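Engineer: The sequence shown begins at 1 in the UniProt record's numbering and counts up one residue at a time.
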Amino acid sequence: MIFALCTNDTVLKVEQCDYDFLCANTTAFLNVDGTTAVFSYADSDGDLVTIKTQADVDEAIAYMKDTGLDTLRINVGLPATTTTPASVPATVEVPMPPVFIEVPVVTPSPPVTPPTIHSRRVCDGCNMYPIVGTRYRSTRNPGLDFCPSCVAHTKWQRHAPFEAIDKELVTHDSVTCDGCHMSPLEGVRYKSAVVDDFDLCAACEALGKWAVTHEPFLKITHPRKSVRPDNVHDGVVCDGCNVHPIVGARFKSAVVKNFDLCETCERSGKWNTSHGPLLKIYTRQQAPAALYVAMADDEHVLSQAEFTAQAQQQHGH
1 MIFALCTNDT
11 VLKVEQCDYD
21 FLCANTTAFL
31 NVDGTTAVFS
41 YADSDGDLVT
51 IKTQADVDEA
61 IAYMKDTGLD
71 TLRINVGLPA
81 TTTTPASVPA
91 TVEVPMPPVF
101 IEVPVVTPSP
111 PVTPPTIHSR
121 RVCDGCNMYP
131 IVGTRYRSTR
141 NPGLDFCPSC
151 VAHTKWQRHA
161 PFEAIDKELV
171 THDSVTCDGC
181 HMSPLEGVRY
191 KSAVVDDFDL
201 CAACEALGKW
211 AVTHEPFLKI
221 THPRKSVRPD
231 NVHDGVVCDG
241 CNVHPIVGAR
251 FKSAVVKNFD
261 LCETCERSGK
271 WNTSHGPLLK
281 IYTRQQAPAA
291 LYVAMADDEH
301 VLSQAEFTAQ
311 AQQQHGH
């Protein structure tokens with residue numbers, strides 16, 4: 001396991017060590033007095049944990065083992081200091097005029113902004129989890145992410161250019177950008193209001209490439225909690241393109257046992273003659289009687305006329 005000691009401009013990676021060795025490495029390589037330095041790291045809940053003793057180091061190692069981390073980013077800083085303005089003794093001399101002393105205005109330092117924690121991202125270079133600080137996403141392959149240390153390494157430059165992300169983005173689970181194939185889609189999601197199951201990320205929507213054929217788009221900034229749609233047919237495979245599960249309308253052959261098509265394959269018309277008619281089943285809640293066209297005997301398959309008569313009898317037509 002690795003400790004990544006980080007200052008504002010330097011990253012030093014050392015093997016797992018005790019507290020004294022941690023301080024010694026800080027003094028030797030980071031130009032910071034290890035005996036007075038402040039060590040801290042962010043846990044999986046985003047809380048900053050301070051390392052001051054050997055017991056704290058042992059706790060950090062146990063945290064890495066529990067979460068399966070290979071590398072833990074440890075921030076190295078200096079202790080906060082306060083300066084008290086020196087008092088100026090008042091001197092009064094008679095008959096001298098009063099003396100006016102100009103007191104300098106002390107401007108408070110801006111508050112220290114904690115580093116961004118990308119709670120759902122792992123560095124594809126060193127496996128740092130979560131990525132702390134700026135996250136670098138490959139524009140060639142949006143599924144690859146790197147921490148600040150790894151993005152500077154020549155080993156990963158084949159994935160350049162990179163997009164620097166300084167804040168944690170919302171994630172739309174189970175949604176893929178149909179432009180660049182980012183999965184899951186991050187940031188603002190643009191969903192076509194006229195084409196089923198078509199989504200774009202903010203970058204692809206800005207290109208305007210799909211404006212004529214897919215607008216208007218619904219802008220979705222905050223995804224709802226994941227709810228299993230009624231039109232996901234678990235355990236059903238499309239016999240045309242092998243997609244599974246079938247999402248959306250499912251077309252089940254009324255004459256061929258265990259034959260199903262997705263909307264795209266049904267629309268092609270390739271199987272209409274050999275396997276038609278096809279029952280359109282949109283939700284899992286539809287009557288089970290409408291789904292079964294084959295009997296227990298695998299060799300017994302209803303003809304089109306038999307199936308039509310049975311369906312009319314069941315539904316009272």
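Quick reminder that beta carbons are idealized off the backbone N, C-alpha and C, glycines included.
Everything numeric in this text was worked out from a predicted model, so none of it was measured.
Rounded C-beta distance between residue 260 and residue 252? I'm assuming under 8 Å.
Structural biologist: Contact flag correct, Cβ pair sits at about 5 Å.
Engineer: Cβ of residue 277 within 7 Å of Cβ of residue 249?
Structural biologist: Not a contact, by the Cβ cut-off of 7 Å.
Engineer: Would you list, in sequence order, the uninterrupted alpha helix (DSSP H) runs of no fewer than 4 residues that lie entirely inside the region 17 to 41?
Structural biologist: Counting whole runs of 4 or more residues, the region 17 to 41 contains the alpha helix (DSSP H) stretches 19 to 29.
Engineer: Are residue 202 and residue 188 touching if we call contact CB-CB under 7 Å?
Structural biologist: In contact: residue 202 and residue 188 (Cβ atoms closer than 7 Å).
Engineer: Quick check on the DSSP output: what are the complete beta strand (DSSP E) runs of length 3 or more inside the UniProt domain "ZZ-type" (233 to 286), in order along the chain?
Structural biologist: Within the UniProt domain "ZZ-type" (233 to 286), the complete beta strand (DSSP E) runs of at least 3 residues are 250 to 253, 278 to 281.
Engineer: Within a Cβ cutoff of 7 Å, which residues of the same chain sit near residue 9, ignoring the five residues on either side of it in sequence?
Structural biologist: Within the same chain, residue 9 has no close Cβ partners at all.
Engineer: Whole-angstrom Cβ separation of residue 134 and residue 166, contact assumed at under 8 Å?
Structural biologist: So it is a contact: roughly 6 Å between Cβ atoms.
Engineer: Hey, is the region 214 to 225 in contact with the region 237 to 244, meaning 3+ C-beta pairs nearer than 8 Å?
Structural biologist: No, they do not touch.
Engineer: Which stretch, first to last residue, makes up the alpha helix (DSSP H) that contains residue 213?
Structural biologist: Counting along the chain, the alpha helix (DSSP H) containing residue 213 begins and ends at 211 to 214.
Engineer: Which term fits residue 282, buried or exposed, when burial requires 16 or more other beta carbons within 10 angstroms of its beta carbon?
Structural biologist: So residue 282 ends up on the exposed side.
Engineer: Following the continuous alpha helix (DSSP H) through residue 67, name the residue where it begins and the one where it ends.
Structural biologist: Run containing residue 67: 54 to 67, per the alpha helix (DSSP H) assignment.
Engineer: Can you tell me whether residue 267 is buried or exposed? The criterion is at least 16 other CB atoms within 10 Å of its CB, across all chains shown.
Structural biologist: Exposed, because fewer than 16 other Cβ atoms sit within 10 Å of the Cβ of residue 267.
Engineer: Can you tell which of 16, 104, 238, 170 has the C-alpha that lies nearest to the C-alpha of residue 62?
Structural biologist: It is 16.
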